[in-house]
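Residue 1 is where the sequence shown starts when you use the UniProt record's numbering, and the numbers rise one by one after that. A short write-up of the structure that comes next.
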Amino acid sequence: MKEYKVIIVDDHKMFRSGLRFLLNNVPDIKVIGEAANGSEFLQMAEKEPIDIALMDINMPEMNGIEATKIAMEKFPDLKVIVLSMHGEEVYYDQMLDAGVKGFLLKNSGADELIQALEAVMAGKSYFSQELLVNILDQKRQQKLNTNAVKLSNRELEVLKLICDGYSNAEIAEALFISQRTVDRHRSNLLSKTACKNSTSLVMYAVKNRIVEIE
């Protein structure tokens, strides 16, 4: 099994230490360093390959949004999981555009942290259920978007499977269609919704009540 190299990026040393302690007991995960801000993270990434970055949003010198944008341009294979607090939802669209693969609330338990890491290591995305519920509640307080794009039944099926973390190959098998057809549907979904990646599609589906969060 591959050992995934992880770096923790957060400006609170006590939080980093606690998170590192939890990760030391997770199979196939090796914490290779800690950074107190985006600048330190980028310097470390230049020196040693990193598979996964657990990234805070608000930090001094360079925040997580800017650091993620720069890192994804230089290291496109890097997987970034956002470490968020309540009240930071305003930054989520920017982090999605930067290319993050998951969102975790800082008060998440060890089990959910492991779930997020396993999903990202498998090439999927991960969203804290509590976080998604918070976003959905906020949207329900706003005027519903009556001009949501119209998706075909097949596109809706594909979108729901994307939200469940299915890969293109798994979607093709589940719907008894070719992977090329799945690729076309995914491309159409991205175009119609103006989303940049699968992670953005999940957020779109939640905001527009295409999928329900329990």
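Glycine included, every Cβ here is placed at the ideal spot set by N, Cα and C.
Given residue i, which residues of its chain have a CB within under 7 Å of its CB, disregarding the five upstream and five downstream residues?
{"i": "V120", "result": "I52, K79, I81, K101, G102, Y126"}
{"i": "residue 215", "result": "This structure cannot speak to residue 215, because the chain is shown only from 1 to 214."}
{"i": "C163", "result": "V202, A205, V211"}
{"i": "K124", "result": "G165"}
Residues in its own chain within less than 6 Å of residue i by CB, not counting five upstream and five downstream?
{"i": "Q19", "result": "Contrary to the premise, residue 19 reads as Leu rather than Gln in this sequence. Answer for L19: I8, listed in chain order."}
{"i": "E61", "result": "N37, S39"}
{"i": "V6", "result": "I29, V31, I52"}
Residue i by DSSP, collapsed to three states: which one?
{"i": "Y204", "result": "helix"}
{"i": "I210", "result": "coil"}
{"i": "V26", "result": "coil"}
{"i": "I32", "result": "strand"}
{"i": "K47", "result": "helix"}
{"i": "I177", "result": "coil"}
{"i": "V182", "result": "helix"}
{"i": "V149", "result": "coil"}
{"i": "K160", "result": "helix"}
{"i": "K143", "result": "Any reading at K143 is ruled out, since the residue's pLDDT is 45, under 50, leaving its predicted position unreliable."}
{"i": "K192", "result": "helix"}
{"i": "K13", "result": "helix"}
Under 8 Å Cβ to Cβ from residue i, same chain only, skipping five residues before and after it: list those, please.
{"i": "V28", "result": "Note that residue 28 is Asp in the sequence shown, not Val. Contacts found: M1, K2, E3, Y4, M121."}
{"i": "L156", "result": "I210"}
{"i": "K106", "result": "F15, L83, S84, M85"}
{"i": "N188", "result": "E155"}
Between residue i and residue j, how many whole angstroms is the CB-CB distance? I'm expecting something under 8 Å.
{"i": "S84", "j": "L54", "result": "Contact flag wrong, Cβ pair sits at about 11 Å."}
{"i": "R186", "j": "N168", "result": "7 Å"}
{"i": "R16", "j": "E34", "result": "5 Å"}
{"i": "A45", "j": "F75", "result": "6 Å"}
{"i": "N37", "j": "M59", "result": "4 Å"}
{"i": "E118", "j": "S128", "result": "Rounded, the Cβ-Cβ distance is 14 Å, inconsistent with contact."}
{"i": "E48", "j": "I70", "result": "17 Å between Cβ atoms; not a contact."}
{"i": "L190", "j": "A174", "result": "Contact doesn't hold; Cβ gap of about 20 Å is too wide."}
Compute the Euclidean distance between the alpha carbons of residue i and residue j, then round it to the nearest angstrom.
{"i": "K150", "j": "G99", "result": "25 Å"}
{"i": "E73", "j": "Q43", "result": "14 Å"}
{"i": "K13", "j": "S200", "result": "31 Å"}
{"i": "A116", "j": "N153", "result": "29 Å"}
{"i": "N197", "j": "N63", "result": "22 Å"}
{"i": "T193", "j": "D10", "result": "32 Å"}
{"i": "Q179", "j": "G109", "result": "36 Å"}
{"i": "C195", "j": "L23", "result": "32 Å"}
{"i": "E170", "j": "A67", "result": "33 Å"}
{"i": "T181", "j": "A172", "result": "8 Å"}
What I want to know is whether the C-beta of residue i ends up closer than 6 Å to one or more non-hydrogen atoms of the ligand GDP.
{"i": "D10", "result": "For the ligand GDP, the structure offers nothing, since it holds no ligand at all."}
Taking 7 Å as the CB-CB limit, is residue i close to chain D?
{"i": "R209", "result": "Protein chains in the displayed structure number just one, and chain D is not present."}
Runs of 4 residues minimum, wholly inside the stretch 50-138: which ones carry the alpha helix (DSSP H) assignment? 64-74, 92-98, 110-121
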